[in-house]
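Per numbering that gives the first Met the number 0, the very first residue in the sequence shown carries number 0; after that it's consecutive. Below is one structure; the comments refer to it alone.
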Amino acid sequence: MRKQLSATGAKPVMGIGSCLVGNAVRYDGQAKCPGSHVQAICEAFEMRAFCPEMGVGMGVPRPPIELVGSENSVRVLDVATHSKEYTVPLAGYAQKVLDMAPDLCGYILVRGSPSCGYEGVKRHSDNGNRLASDQQGIFAMALAVADPLLPLEDDERLNNPGLRESFVARAHAYHDWKLLCDDGLSAHKLVEFYSLHKPDCEALERILADTDRLPLEELSRIFITALMAALSHRSAKT
């Protein structure tokens with residue numbers, strides 16, 4: 000696995016659920032043992048661990064929570080009584096994480112978590128019956144909204160080679176992009192950046208052909224969005 004260092008000599012910075020690095024912060028006072036592929040990523044990146052539930056003041060151990068509501072409108076409630084709601088603070092913690100670690104280039108979420116789940120999180124009715132497994136965790140959803148370019152995956156999906164390659168490639172690209180932005184963008188640097196990552200994407204080549212027509216800020220936004228999508232598509236096929 001690539002171990003590129005930044006211009007400061009540091010590894011790229013990756014966020015991760017705190018329970019995945021051995022911290023006993025789950026609702027039952029336990030940690031979660033990650034697979035070997037997650038451990039390999041942890042060795043290649045500088046990891047920053049966060050637990051949204053701890054971050055909003057929920058202790059350990061704590062009453063479990065669940066997602067409740069319709070497919071397009073869920074709340075985070077305590078399982079036992081549905082009388083305590085944590086939706087707003089858990090969603091708000093996403094921006095706090097980005098403020099605390101503005102150099103994040105990716106984030107490893109926790110499978111099935113009502114706060115940190117990437118996909119397939121259980122959704123329940125008001126009376127507690129399971130309706131479907133069709134949600135993201137509230138924190139994960141807010142993180143994706145706050146930084147749409149940030150690569151996200153969960154610990155168990157990373158067992159899939161294609162998804163793992165996609166995630167790592169996009170994380171390195173986003174790390175490189177942040178360094179480029181800090182150094183100062185130019186049309187020439189966009190072309191060099193494209194040559195470095197070189198996804199097979201005709202759309203990106205058309206975007207770069209407009210370097211003299213579009214304002215640099217708009218061009219850069221369109222370029223990096225298309226590049227991240229192209230890297231995801233290319234790697235996920237392998």
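Glycine included, C-beta positions come from ideal geometry on N, C-alpha and C.
Check: Which same chain residues, not among the five before or five after V67, have their C-beta less than 6 Å away from its C-beta?
Finding: R74, L76 and H123
Check: Is the beta carbon of A100 sitting closer than 8 Å to the one on Y117?
Finding: no
Check: Does DSSP put C104 in a helix, in a strand, or in coil?
Finding: strand
Margin query: Please list the terminal residues of the continuous beta strand (DSSP E) segment that includes M99.
Written below: Not the beta strand (DSSP E): M99 falls in the alpha helix (DSSP H), residues T86 to M99.
Next item on the list: Please name the residue, chosen from P11, V59, K10 and A131, that lies closest to S17 on a Cα-to-Cα basis.
Entry: V59
Next item on the list: Over the uninterrupted beta strand (DSSP E) stretch that includes E52, give me the two end residues.
Entry: E52 -> not in any beta strand (DSSP E); alpha helix (DSSP H) instead, spanning P51 to G54.
Notebook entry, point to check: What's the gap between the Cα of L179 and the Cα of H171?
Noted result: 12 Å
Check: For H123, which three-state DSSP category applies?
Finding: strand
Note to self: Would Y173 and L142 be called neighbours here (beta carbons separated by less than 8 Å)?
What the structure shows: no
Check: For G21, does the count of other Cβ atoms within 10 angstroms reach 16, so buried, or fall short, so exposed?
Finding: exposed
Next item on the list: Report the rounded CA-to-CA distance for S35 versus L207, giving the unit in angstroms.
Entry: 39 Å
Item checked: Neighbourhood of V24 by C-beta distance below 8 Å, restricted to the same chain and skipping five residues each side -> S17, C18, A30, C50, E52, M53 and V59
Check: Under a Cβ-count criterion, where at least 16 other Cβ atoms within 10 Å of its own Cβ denotes burial, should Q134 be classed as buried or exposed?
Finding: buried
Notebook entry, point to check: At which residues does the beta strand (DSSP E) containing D133 begin and terminate?
Noted result: R129 to Q134
Note to self: Give me the residue from E216, A186, I223 and L215 with the minimum Cα distance to C200.
What the structure shows: I223
Notebook entry, point to check: CB-CB under 6 Å to F44, same chain, minus the five flanking residues each way: which ones, in chain order?
Noted result: K10, P11 and M13
Next item on the list: Tell me the start and end of each unbroken beta strand (DSSP E) in the segment 125-195 that is at least 3 residues and wholly inside, in chain order.
Entry: 129-134 and 151-153
Next item on the list: Put L213 into one of helix, strand or coil per three-state DSSP.
Entry: coil
Notebook entry, point to check: Which residue from R110, L218 and D211 puts its Cα closest to that of S132?
Noted result: R110
Check: With DSSP run on the structure shown, which of helix, strand or coil describes S72?
Finding: strand
Check: So, C137 versus L89, is the Cβ gap smaller than 8 Å?
Finding: The amino acid occupying residue 137 in the given sequence is Ile; Cys does not appear at that position. Yes, Cβ-Cβ distance for I137 and L89 is below 8 Å.
Check: Going by alpha carbons, who is nearest to P62 out of T80, I40, A48 and D182?
Finding: T80
Check: Among S165, D182, T210 and L130, which has the Cα closest to the Cα of N71?
Finding: L130
Next item on the list: Go to V12, then tell me how far its alpha helix (DSSP H) extends in each direction, as first and last residue.
Entry: No alpha helix (DSSP H) holds V12; the beta strand (DSSP E) holding it covers V12 to G16.
Next item on the list: Could you check what DSSP says for R47 in three-state terms: helix, strand or coil?
Entry: strand
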